[in-house]
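Q: Input: one structure, supplied below.
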Amino acid sequence: MSKLLRLDPIACDGHGLCAELFPERIRLDDWGFPIVDQRSIPPALEEHARRAVADCPKIALRLVTARTVPGER
Amino acid sequence: MTTRTTAAPAEAPHGVARLLAGMRDDGRPVGLQEHLGLHGPLVGGSGLIERVTASGLRGRGGGGFPTGTKLRAVADQRKRPFTVVNGTEGEPASRKDKALLRTVPHLVLDGALTAATAVGSREIIICIARSAARERAVLAAALAERRDKVHWRLASIPDGFVSGEETALLSALGGRAAKPTVKPPYPFERGLDNAPSLVQNAETLAHVALIARHGPGWFRSLGTETEPGTALVSLSGAVRRPGVYEIELGTPLQGLIAQAGGPSEQIDAYLVGGYFGGWTREADLRLTASSGLGAGVVVALPTATCALAETARIARYLANESAGQCGPCARGLAALAGGLEQLASGKYDDRSRLARWAQQVAGRGACHHPDGAARFVTSALATFAAETDTHLKHRRCRHRDRGVLRAAGA
């Protein structure tokens, strides 16, 4: 199953560690908050993604298995 | 039709005035007996979800989500759901839901009852803004007239642009601040008290009440193939008779303006879809959700006001109304407002940064507030490009901000 990074924008305080640890898929906006690439993460990059998730001080980043949500968008 | 009582079903409304068909000239609310005389008895809930799905009705709170799909998603949950009527209408330029609740309350209540029955709710919570005192009194009186087999509750929600967002609404009902939460979980799966929650806009439910009575075929006899039915529009600005109008979806903008007695002065541009919407100068634009009608707000902006100052003032309002929970929204909307203010005063050309910021904030919040605000700003910069050049060149504008775009209710 393909993996995706999901950010909780309410929990995120913009520490920016994730962008340092996983620049392939995370960059910072003009205010230092992460812009997370929504494409699925290839297995070769999964380890980087896991480190970004593990080091977030606000536990705002999660690695999830892609799923579709019925009934809502 | 599954059940039929002794009273003969009333004839389905023929014209474009469906929801507003029974509105009294004196503006007083239509009572229960009068309502039943006009629309006939409410038909039972069995098969309702299929009929609403077949009708093609979409939510009229701005999201435009297919109502039948939402009803099905809630009905399919294992736990007993709550039904929540969203009548908060936090957008300052919108008044259609309040108009509906104040004049034909039983139509909304019928829709809520039949939807609640279809999804298996025993409790219906009607949410209105704290400031909506008259609507609260009308609804309380209307509820006292009814003998329904559900528990009705009337709730007041703090006023605010985002407090009507469905997760913010459910947070407020749960005793927390009226601020959005992260999705998933979506309200249809886990909402109030962790139970599935059907949150529907007041106008949407009024349409449901009529679809229950007259069927999907009748509903589809007006509107377009993909967006059937009628919709309420809150029209303000440079027209002779501003107010709430019921239009057939797909009606050209100029048709709506004509219904309101035509322009009261020269019109420069139209804001379609309210403060989450966009600007246009195409008077033949057909009004549908896909053309940006959103929650049904249209403002005719006169030539004799400063479009940039008006836009900057609303951008500041939207920034102030951010729940402040998500960084890109809290910081980005303030930056957008500041950049627009600089442009409006002709002090500084920040257009390249404004474009980048608008792109950066879109889609970055727990709710759609930043997306909508970014769309509003981007559209203003495109539509008023020539005015912007003039402001920067002359450092002033021929017109002052007349406050056509209202930044707070009333």
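From first to last, the protein sequence lines are chains A and B. Residue 0 is where the first sequence starts when you use the working numbering, and the numbers rise one by one after that. Residue 296 is where the second sequence starts when you use the working numbering, and the numbers rise one by one after that. Every residue gets a Cβ at the ideal spot worked out from N, C-alpha and C, and that includes glycine.
Would you kindly work out how many angstroms separate the C-alpha atoms of A:Pro-69 and B:Thr-685, rounded to a whole number?
A: The residue labelled residue 69 of chain A in the question sits at position 70 within the first sequence. The residue labelled residue 685 of chain B in the question sits at position 390 within the second sequence. The predicted model places A:Pro-69 with a pLDDT of 47, which falls under 50 and marks its position as unreliable, so this point remains unresolved.
Q: Quick one, which of B:Ala-657, B:Val-567, B:Gln-620 and B:Glu-543 has its alpha-carbon nearest B:Ser-531's?
A: On the second sequence, residue 531 of chain B is found 236 positions in, with the first residue counted as 1. The residue with the shortest Cα to Cα distance from B:Ser-531 is B:Val-567.
Q: Would the beta-carbon of B:Val-379 fall within 9 Å of that of B:Cys-422?
A: Residue 379 of chain B sits at position 84 when you count from the first residue of the second sequence. Residue 422 of chain B sits at position 127 when you count from the first residue of the second sequence. Yes, the Cβ-Cβ distance between B:Val-379 and B:Cys-422 is below 9 Å.
Q: Going by alpha carbons, who is nearest to A:Trp-30 out of B:Gly-382, B:Arg-319 and B:Arg-659?
A: Here residue 30 of chain A refers to the residue found at position 31 of the first sequence. Closest by alpha carbon: B:Arg-659.
Q: Using the Cβ count rule (16 or more neighbours within 10 Å means buried), how would you classify B:Thr-297?
A: The count along the second sequence starts at 1 and reaches residue 297 of chain B at position 2. Per-residue confidence for B:Thr-297 stands at a pLDDT of 40, beneath the threshold of 50, marking its modelled position as unreliable; the derived number appears in the next sentence. Exposed, by the Cβ-count rule.
Q: Can you find a CB in chain A that lies within less than 9 Å of the CB of B:Arg-659?
A: As a working mapping, residue 659 of chain B is identified with position 364 in the second sequence. So, interface residue.
Q: Show which residues of chain E have a CB atom less than 8 Å away from the CB atom of A:Cys-55.
A: In the structure shown, chain E does not exist; the protein chains are A and B.
Q: Which residues in chain B sit within 7 Å of A:Ile-25, going by Cβ to Cβ distance?
A: For this step, residue 25 of chain A is matched to residue 26 along the first sequence. Near A:Ile-25 there are no residues of chain B at all, since even the closest Cβ is about 13 Å away, more than 7 Å.
Q: Whole angstroms are fine: how far does the CA of B:Arg-626 sit from the CA of B:Gly-587?
A: If you number the second sequence from 1, residue 587 of chain B lands on position 292. If you number the second sequence from 1, residue 626 of chain B lands on position 331. Taking the straight line joining both Cα atoms gives about 26 Å.
Q: Compare the Cα-Cα distances from B:Arg-429 to each of B:Val-593, B:Arg-323, B:Leu-676 and B:His-664 and report the closest residue.
A: As a working note, residue 429 of chain B is residue 134 in the second sequence. Measuring from the Cα of B:Arg-429, the nearest candidate turns out to be B:Arg-323.
Q: Using the beta-carbon count (16 or more within 10 Å), is A:Glu-19 buried or exposed?
A: One-based indexing of the first sequence puts residue 19 of chain A at position 20. With fewer than 16 Cβ atoms within 10 Å of its Cβ, A:Glu-19 is classed as exposed.
Q: Can you look up B:Pro-523 in the DSSP assignment and give me helix, strand or coil?
A: Working through the second sequence from its first residue, we reach residue 523 of chain B at position 228. Strand at B:Pro-523.
Q: I believe B:Val-457 touches B:Gly-357 by the beta-carbon criterion, under 8 Å. Please report the beta-carbon distance rounded to the nearest angstrom.
A: Numbered from its first residue, the second sequence carries residue 457 of chain B at position 162. Numbered from its first residue, the second sequence carries residue 357 of chain B at position 62. Not really, about 12 Å apart at Cβ, beyond 8 Å.
Q: Excluding the 5 residues preceding and the 5 following B:Thr-673 in the sequence, name in chain order all residues of the same chain whose CB lies nearer than 6 Å to its CB.
A: Position 378 of the second sequence, counting from 1, holds the residue named residue 673 of chain B. Counting only Cβ-Cβ distances below 6 Å, and skipping sequence neighbours, we find Ala-653.
Q: Output yes if chain B places a C-beta closer than 9 Å to the C-beta of A:Arg-72; else output no.
A: Here residue 72 of chain A refers to the residue found at position 73 when the first sequence is read from its first residue. For A:Arg-72, the pLDDT reaches just 39, beneath the cut-off of 50, and the residue's location in the model is therefore unreliable, although a value from the coordinates is still provided. A:Arg-72 counts as touching chain B.
Q: According to DSSP, simplified to helix, strand and coil, what is A:Arg-72?
A: Taking the first residue of the first sequence as 1, we reach residue 72 of chain A at position 73. Legend: pLDDT at A:Arg-72 = 39, less than 50; position of this residue unreliable, no value from coordinates given.
Q: Any idea what DSSP makes of B:Lys-391, helix, strand or coil?
A: Taking the first residue of the second sequence as position 1, residue 391 of chain B is located at position 96. Three-state DSSP puts B:Lys-391 in a helix.
Q: Of all the beta strand (DSSP E) runs that stay within the bounds of the region 423-504 of chain B, which reach a length of 3 or more residues?
A: If we require 3 residues or more, the beta strand (DSSP E) runs fully inside the region 423-504 of chain B come out as 446-452 and 492-496.
Q: Quick one: any contact between the region 387-396 of chain B and the region 505-520 of chain B, if contact means 3 or more CB pairs under 8 Å?
A: Contact between the region 387-396 of chain B and the region 505-520 of chain B is absent, because fewer than three Cβ pairs lie under 8 Å.
Q: For B:Tyr-570, which of helix, strand or coil comes out of DSSP?
A: Along the second sequence, one-based indexing puts residue 570 of chain B at 275. Residue state, collapsed to three classes: helix.
Q: Extract the residue ranges of the beta strand (DSSP E) inside the region 546-595 of chain B, only unbroken runs of 3 or more that lie entirely within it.
A: For the region 546-595 of chain B, whole beta strand (DSSP E) runs of length 3 or above, ordered along the chain, are 562-567 and 573-575.
Q: First and last residue of the beta strand (DSSP E) that includes A:Lys-2?
A: Taking the first residue of the first sequence as position 1, residue 2 of chain A is located at position 3. 2-6 is the span of the beta strand (DSSP E), which, as asked, contains A:Lys-2.
Q: Terminal residues of the continuous beta strand (DSSP E) containing A:Pro-33?
A: Counted from its first residue, the first sequence places residue 33 of chain A at position 34. That run of the beta strand (DSSP E) goes 33-35.
Q: Which class does B:Val-380 belong to by DSSP, given the choice of helix, strand or coil?
A: Here residue 380 of chain B refers to the residue found at position 85 when the second sequence is read from its first residue. The answer is strand: DSSP assigns B:Val-380 an E or B state.
Q: With distances taken from CA atoms, which of A:Pro-8, A:Arg-50 and A:Ser-1 is nearest A:Ile-34?
A: Here residue 34 of chain A is taken as the residue at index 35 of the first sequence, counted from 1. For A:Ile-34, the nearest C-alpha among the options comes from A:Pro-8.
Q: If you reduce the DSSP assignment to three classes, tell me which class B:Val-672 lands in.
A: Your numbering for residue 672 of chain B matches position 377 in the second sequence. The answer is helix: DSSP assigns B:Val-672 an H, G or I state.
Q: I'd like the span of the alpha helix (DSSP H) that includes B:Gly-633, first residue to last.
A: Translated into the one-based positions of the second sequence, residue 633 of chain B becomes position 338. Segment 622-639, the alpha helix (DSSP H) holding B:Gly-633.
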